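Undergrad:
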Amino acid sequence: MSFLLHELALNPDVQERLVQEIKEHDEKNGGKVDFTSIQSMKYMDMVVSEVLRLWPPFVMFDRECTRDYNLGKPNDSASREFVVRKGIELWIPTYAIHRDPQYFPDPDKFDPERFSDENKHKIKPFTYTPFGTGPRNCIGKICSLRVEGDGLPAPTSCGAVSLREDLHPCEALD
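One point on numbering: in our numbering, the residue at position 138 of the sequence shown is 1617, and numbering is uninterrupted.
(1) From this set, C1544, Y1582, P1572 and I1501, which residue's C-alpha is nearest K1565's C-alpha?
(2) Is it buried or exposed for R1559, if we count other Cβ within 10 angstroms and need 16 for buried?
(3) Quick one: Cα of F1514 to Cα of D1579, how far?
(4) Looking at the secondary structure, which residues open and close the beta strand (DSSP E) in which Y1548 lies?
(5) Quick check: M1525 and P1591, are their CB atoms within less than 7 Å of each other?
(6) Assign F1537 to one of three DSSP states: helix, strand, or coil.
(7) Helix, strand or coil: how does DSSP classify P1591 here?
(8) Quick check on this structure: which residue in L1569, K1511, N1508 and V1512 has the alpha carbon closest to the alpha carbon of R1542?
(9) For the putative contact between E1486 and F1589, defined by C-beta atoms under 8 Å, what is the C-beta separation to the nearest angstrom?
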């Protein structure tokens, strides 16, 4: 939630569009906010997905290789193939993959449009994994998404989210 509010403060255009969607949702549903109705908020989903891409809850996750897997030669000058052996524990660097320009153009830019219906097909499989992937993905995924969605309408209805610019580092203590 803190990264979500941080990104909204840094991106007032996104915040404004999201607040508009929340207001339209409230008018349409008589102020009722529940998990089912939140799922119909497309821009909210795009914003939360982009926050989770930039700030994944897990910087990496692990998996155990269940069979030998030949990845082939790592490059043209390699003399042999790279084989991951059964039983080896692999660490998948979620944060690094989410910030790799090969998979996400301009990766440090907060851009919810990456997850629009028009663009999300461009995301290569297994490059967006904020909760891991497969049968052992994070059991808290649904709960986490619900907290993000349920918690957001209240702060945005109270006013705009902004950064404090008058904060300065304190002097070093002796």
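Glycine included, every Cβ here is placed at the ideal spot set by N, Cα and C.
Everything numeric in this text was worked out from a predicted model, so none of it was measured.
TA: Once the coordinates are examined:
(1) Within the sequence shown, residue 1565 is the residue found at index 86, counting from 1. The shortest Cα separation from K1565 among C1544, Y1582, P1572 and I1501 belongs to C1544.
(2) Here residue 1559 is taken as the residue at index 80 of the sequence shown, counted from 1. With fewer than 16 Cβ atoms within 10 Å of its Cβ, R1559 is classed as exposed.
(3) As a first step, residue 1514 must be located in the sequence shown, where it is residue number 35. As a first step, residue 1579 must be located in the sequence shown, where it is residue number 100. Each residue's alpha carbon lies about 32 Å from the other.
(4) Within the sequence shown, numbered from 1, the residue matching residue 1548 stands at position 69. Per DSSP, Y1548 belongs to the beta strand (DSSP E) from Y1548 to G1551.
(5) By one-based count along the sequence shown, residue 1525 stands at place 46. By one-based count along the sequence shown, residue 1591 stands at place 112. Their beta carbons are under 7 Å apart, which means M1525 touches P1591 by this criterion.
(6) If you number the sequence shown from 1, residue 1537 lands on position 58. Of the three classes helix, strand and coil, the one that applies to F1537 here is coil, per DSSP.
(7) Counted from its first residue, the sequence shown places residue 1591 at position 112. P1591: helix per DSSP, three-state reduction.
(8) Taking the sequence shown and counting its residues from 1, one reaches residue 1542 at position 63. Looking from the CA of R1542, the closest CA among L1569, K1511, N1508 and V1512 belongs to L1569.
(9) Numbered from its first residue, the sequence shown carries residue 1486 at position 7. Numbered from its first residue, the sequence shown carries residue 1589 at position 110. At roughly 5 Å, the Cβ-Cβ gap stays under 8 Å, so E1486 and F1589 are in contact.
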